[in-house]
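**Student:**
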Amino acid sequence: SQTIHQWPATLVQPVGSPLSLECTVEGTSNPNLYWYRQAAGRGLQLLFYSVGIGQISSEVPQNLSASRPQDRQFILSSKKLLLSDSGFYLCAWSVAITSGAHNEQFFGPGTRLTVL
Amino acid sequence: AQTVTQSQPEMSVQEAETVTLSCTYDTSESDYYLFWYKQPPSRQMILVIRQEAYKQQNATENRFSVNFQKAAKSFSLKISDSQLGDAAMYFCALGCMEYGNKLVFGAGTILRVKS
Chain A
1 SQTIHQWPAT LVQPVGSPLS LECTVEGTSN PNLYWYRQAA GRGLQLLFYS
51 VGIGQISSEV PQNLSASRPQ DRQFILSSKK LLLSDSGFYL CAWSVAITSG
101 AHNEQFFGPG TRLTVL
Chain B
1001 AQTVTQSQPE MSVQEAETVT LSCTYDTSES DYYLFWYKQP PSRQMILVIR
1051 QEAYKQQNAT ENRFSVNFQK AAKSFSLKIS DSQLGDAAMY FCALGCMEYG
1101 NKLVFGAGTI LRVKS
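In the order they appear, the protein sequences are chains A and B.
For the first sequence, the numbering used here assigns the number 116 to the last residue and increments by one with no breaks.
For the second sequence, the numbering used here assigns the number 1115 to the last residue and increments by one with no breaks.
1. Quick check on A/Arg42 - is its C-beta less than 9 Å from some C-beta in chain B?
2. Is there a Cβ of chain B sitting closer than 9 Å to that of A/Ala66, yes or no?
3. Using a Cβ-Cβ cut-off of less than 9 Å, give me the residues of the stretch 1095-1108 of chain B that come near chain A, in sequence order.
4. Is there contact here, the stretch 1026-1038 of chain B with the stretch 1094-1103 of chain B, by at least three beta-carbon pairs under 8 Å?
5. According to DSSP, which residues form a beta bridge with A/Thr111?
6. Would you report the Cα separation of A/Arg72 and B/Glu1017, rounded to the nearest angstrom?
7. Please report the distance separating the alpha-carbon of A/Ser20 from that of A/Leu82.
8. Taking B/Leu1047 as the query, report the chain D residues whose CB atoms sit under 7 Å from its CB, ordered along the chain.
9. When DSSP labels each residue in this structure, what does B/Ser1042 get in the three-state scheme?
10. Where does the unbroken beta strand (DSSP E) through B/Met1097 begin, and where does it stop?
11. Quick test of the definition: if touching needs 3 or more C-beta pairs under 8 Å, does the stretch 50-65 of chain A touch the stretch 1008-1022 of chain B?
12. Buried or exposed: B/Ile1079, going by 16 or more other Cβ atoms within 10 Å of its Cβ?
13. Taking Cβ positions, are A/Thr111 and A/Gln13 nearer each other than 9 Å?
14. Between the stretch 1021-1049 of chain B and chain A, which residues of the former have CB atoms less than 9 Å from a CB of the latter, in chain order?
15. Three-state secondary structure (DSSP) at A/Leu64?
16. Compare the C-beta of A/Ser137 with all C-beta atoms of chain B and state if any pair is closer than 9 Å.
17. Taking 9 Å as the CB-CB cut-off, is A/Asn32 touching chain B?
This is the structure:
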């Protein structure tokens, strides 16, 4: 069966420090991968998605970047964190788009980031 | 652009009763799909139910069912025999292959279950 991992679970960082959040998927190949941010009590905002190694699409201009160095690894980074980067970050995967496939996304447990 | 609107920020239901959560959406695509996700206090996102737009029959999963009104672009979730474990934030989501399988989420509805 497929599983998705995120770490760390919780992170407190000072403003201006770098960030690296990691997401890995097991039990599937060539997944689509996604990074979302969820502000407190709010919906999910798609930040990045990837359909393959080295292929990253950014949804909103921001202080963050994403990379996909391996098929099932997705990394969210920042060189200098801002206060506004605080939030709950969720990684998700789905099967690659194929005709007739269910296209639901499966989510990791998330990372709670607090920037002070 | 695709949008999803959940007009109920918060709902309450008595244990064992039935509750309906509302969702409306907008898309110019004809081939799309809709989901309801549940986010309990643990914040783990859990898929509750899915509906493909080409299917006329409303999806059901045990106590969860949807009322999919394609012409009205409405996709409501009905929870029957509500249980304390149903208390969570519920998100409606819309996706389509033309948009690279990305999902657009509504703002969510907090469901409280009273014992």
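Backbone N, C-alpha and C define an ideal beta-carbon position, used for all residues, glycine too.
**Tutor:** Well, looking at it:
1. yes
2. no
3. Gly1095, Cys1096, Met1097, Gly1100, Asn1101, Lys1102, Leu1103, Val1104, Phe1105, Gly1106, Ala1107 and Gly1108
4. yes
5. A/Tyr89
6. 42 Å
7. 14 Å
8. The structure shown contains no chain D; its protein chains are A and B.
9. coil
10. It is not in any beta strand (DSSP E) - B/Met1097 carries neither H nor E in the DSSP assignment.
11. no
12. buried
13. no
14. Tyr1033, Phe1035, Tyr1037, Gln1039, Ser1042, Arg1043, Gln1044, Met1045, Ile1046 and Leu1047
15. coil
16. Past the edges of chain A, shown from 1 to 116, lies residue 137 of chain A, and the structure says nothing about it.
17. yes
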